[in-house]
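Under this note's numbering, the first residue of the sequence shown is numbered 4, with each subsequent residue one higher.
Glycine is no exception: its CB is placed at the ideal position from the N, C-alpha and C atoms.
All values reported here derive from a predicted model rather than from experimental measurement.
Heads up: the structure comes next, in structure tokens.
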Amino acid sequence: MDFISELWTIIQYFILGLVQGVTEPIPISSSGHLIIFRDLFGIEVRGLSFEIFVNFASLLAVFIIYWNDIIRLIKNGFLYLVKRDPAAKSDFQFIIYLIVATIPVGVIGMLFGDAIGEALSGTNVVGVTLLITAVAIWVIRNLRGRKNDGDLTMKDALIVGLTQAVAVTPGISRSGSTIVASMLVGMRQETALRFSFLLYIPVSLGTTIIEVPKLVSSPEFQSMLIPNIIAFITAFIATYFALKWFMNIMAKGNLKYFSYYCVVVGLLVIFFL
Numbered sequence: 004m005d006f007i008s009e010l011w012t013i014i015q016y017f018i019l020g021l022v023q024g025v026t027e028p029i030p031i032s033s034s035g036h037l038i039i040f041r042d043l044f045g046i047e048v049r050g051l052s053f054e055i056f057v058n059f060a061s062l063l064a065v066f067i068i069y070w071n072d073i074i075r076l077i078k079n080g081f082l083y084l085v086k087r088d089p090a091a092k093s094d095f096q097f098i099i100y101l102i103v104a105t106i107p108v109g110v111i112g113m114l115f116g117d118a119i120g121e122a123l124s125g126t127n128v129v130g131v132t133l134l135i136t137a138v139a140i141w142v143i144r145n146l147r148g149r150k151n152d153g154d155l156t157m158k159d160a161l162i163v164g165l166t167q168a169v170a171v172t173p174g175i176s177r178s179g180s181t182i183v184a185s186m187l188v189g190m191r192q193e194t195a196l197r198f199s200f201l202l203y204i205p206v207s208l209g210t211t212i213i214e215v216p217k218l219v220s221s222p223e224f225q226s227m228l229i230p231n232i233i234a235f236i237t238a239f240i241a242t243y244f245a246l247k248w249f250m251n252i253m254a255k256g257n258l259k260y261f262s263y264y265c266v267v268v269g270l271l272v273i274f275f276l
């Protein structure tokens, strides 16, 4: 490649990393937006491996933001298992609920993930699913639940887990679907946000362990090493700041604006792409 082509490729991968990072934590579908931007800029990135690679960057950012919660859960989970400490029971149950909620998407992802990704990766599908996301966010825009971490039930975990499985479909936001379900079962906004993003960790970690080694060892990845690294770093930084911003939005109860956004983008995609 000549210098101009190499520069344009780097810019394209920077854009993809930025799109992934900004859209992963907020309820507008990172997978859907990656498909839209690939179509707009004519970027050829086949399969789900690249998406999983930049998703790993987002995972690291989520790890950093929720590090204290993760350490507390691990510590208290261990305490309850070993000493049956009553004060640690709530966190132990929270871990169990995260595991239960992970099972549906794990099963569906392993059995049908690639097929769904290939069959429903068209921009028109993304446009429709963004409209579905808009409706779901609109439904819960004014909800103010009362359930804290210690008030969750197995039923709540199963409901949230099943809705997360729906997000295997491109254009259905993972964070959006789990936050919507969490608030519909009565969680407080802070609890819904924490449950959603702690639930994101095992799902993303599992796919990363399976797919990223395949991608990194492939000749295509090695020939595009610099663009991929740029996409990764960009996604990591963008996710960190986007999640911090979204936490503030959730605290203020301004979810309706994401519904407006999904309607506008969904209609634009359906009619013009």
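| query | result |
| --- | --- |
| Going by CA-CA distance only, name the one from Val65, Ala254 and Ala91 that's closest to Arg144. | Ala254 |
| Where do the ends of the alpha helix (DSSP H) carrying Asn58 lie? | Ser52 to Ile68 |
| Which one or two residues does DSSP pair with Met190 in a beta bridge? | Lys150 |
| To the nearest angstrom, how far is the alpha carbon of Gly35 from that of Glu54? | 11 Å |
| Below 8 Å, how does it come out for the region 78 to 97 and the region 178 to 189: are there three or more Cβ pairs, yes or no? | no |
| Do three or more CB pairs link the region 187 to 200 to the region 214 to 228 at distances below 8 Å? | no |
| Does the Cβ of Asp5 have 16 or more other Cβ atoms within 10 Å, making it buried, or fewer, making it exposed? | exposed |
| Taking 8 Å as the cut-off, does the region 207 to 219 touch the region 36 to 44 (at least 3 CB pairs, one atom from each stretch)? | no |
| Measuring alpha carbon to alpha carbon, tell me which residue in Ser93, Ser33 and Leu258 is nearest Asn79. | Ser93 |
| Is it the case that the Cβ atoms of Ala90 and Val163 are separated by a distance below 9 Å? | no |
| For Pro173 and Val128, what's the separation of their Cα atoms in angstroms? | 8 Å |
| Mark Leu101 as exposed unless 16 or more other C-beta atoms lie within 10 angstroms of its C-beta, in which case mark it buried. | buried |
| For Phe97, I'd like the list of residues in its chain whose CB is within less than 6 Å of its CB, leaving aside the five on either flank, ordered along the chain. | Asp152 |
| So, is Asn71 buried or exposed, given that buried needs 16 or more other C-beta atoms within 10 angstroms? | exposed |
| In terms of residue numbering, what span does the alpha helix (DSSP H) encompassing Leu134 cover? | Thr126 to Val142 |
| Can you tell which of Val25, Ser52, Ile212 and Ile232 has its C-alpha closest to the C-alpha of Thr249? | The sequence shown places Phe at residue 249, rather than the Thr named in the question. Nearest C-alpha to Phe249: Val25. |
| Give, in chain order, every unbroken run of the alpha helix (DSSP H) that is at least 4 residues long and sits entirely within the region 26 to 50. | 33 to 44 |
| Can you tell me which of Leu146, Glu214 and Ile236 puts its alpha carbon nearest to the alpha carbon of Ala195? | Leu146 |
| Quick check on the DSSP output: the alpha helix (DSSP H) that includes Ile233 runs from which residue to which? | Leu228 to Lys255 |
| Could you give the distance in angstroms between the alpha-carbon of Ile135 and the alpha-carbon of Phe81? | 40 Å |
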